[in-house]
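Here is the structure we will look at, set down as structure tokens.
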Amino acid sequence: MPKEGVSIQVIRRLPRYYRYLSELESKGVEKISSTKLAVLMSSTASQIRQDLNCFGGFGQQGYGYSVTGLREEIGKILGLSETHHMILIGAGNLGRAIATHLNFEQLGFKLTAIFEKDEKLIGTMLRGIKVMRDEEIENYVKDNDVSTAILAMPKEAVEKLIDKLYGCGIRSYWNFSHFDIAKKYDDVIVENVHLSDSLMTLCYRINQAPGIDT
């Protein structure tokens, strides 16, 4: 949840700051001004300063920001040093891509179990984890410290499963389906990921760009 008085829009910009600062740190950059950081991020120096001032500022006049120091502070704000145990439901193409390509441990999470209903995928290994039947979710969650579920499955499948997940005590979801979990339960934390929305936005931008033959 956002810090009291800080808008969710500011919170959503923090991961982007963290990513750019991590890249600068990997290149050996030790300090940077808000002006130079704004140029890299196609933002404005005033926007960066306003966002960071919500949490104390962190910069020094005439010096700028310590790249490592600011990255670490933003990491603390985001809670990346915490470890939230999560499960993945759906081991199809999307689920496999999520499990394979994300470094959960650096992002505040640990993927502990994967579930699937397709018999052909049950028993296979993914990220060193054996895929289990979705019927085993309830017992697994009861016996393990699980706070979060990744939903990489169709809307209809989530609609049938969400009551069970909620009943098990799971209150946070990374939701790749189009099922509106927050509409059904008002005490959950949901991050909805709509890949089609992003692609349609790209389509719009291409169609509006001058000189691009579509």
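When we follow my numbering, the leftmost residue of the sequence shown carries the number -16, and every step to the right adds one.
Just so it is clear, CB atoms sit at the ideal spot from N, CA and C, and this is done for glycine as well.
When DSSP states are grouped into helix, strand and coil, F87 belongs to the helix group. The C-beta of G152 has fewer than 16 other C-beta atoms within 10 Å across all chains shown, which makes the residue exposed. No Cβ-Cβ contact shorter than 9 Å links L71 with I(-6). By the Cβ criterion, the stretch 80 to 87 is not in contact with the stretch 46 to 54, since fewer than three pairs of Cβ atoms, one from each stretch, lie closer than 8 Å.
Excluding five sequence positions before and after T131, the CB atoms of its chain that fall closer than 8 Å to its own CB belong to H67, H68, M69, I70, F92, I153, S155, Y156 and W157, given in chain order.
Per the C-alpha coordinates, the member of L35, G47 and F38 positioned closest to V12 is G47.
The C-alpha of A96 lies about 14 Å from the C-alpha of E88. A residue is called buried when at least 16 other Cβ atoms come within 10 angstroms of its Cβ; D128 does not meet this threshold and is exposed.
Taking 3 residues as the shortest admissible run, the stretch 137 to 183 contains the following complete beta strand (DSSP E) segments, listed from N- to C-terminal end: 155 to 158 and 172 to 175. Note that the stretch -5 to 7 touches the stretch 24 to 36; at least 3 beta-carbon pairs, one per stretch, sit closer than 8 Å.
Beta-bridge analysis with DSSP links A132 to I70 and Y156. Excluding its 5 nearest sequence neighbours in each direction, L7 has C-beta neighbours in its own chain below 6 Å: V50, listed in chain order. Nearest to A140 by C-alpha distance, out of L4, Y123, F159 and G106, is F159. Put simply, of K100, G111, S179 and S181 the residue whose alpha carbon is nearest the alpha carbon of L144 is K100. In the three-state DSSP reduction, Y123 falls in the helix class (H, G or I).
For E99, the enclosing beta strand (DSSP E) stretches over residues F92 to E99. Straight-line spacing of the CA atoms in N76 and G(-12) works out to 40 Å. A Cβ-Cβ distance of about 7 Å is found for the pair S64 and G58, placing them in contact under the 8 Å criterion.
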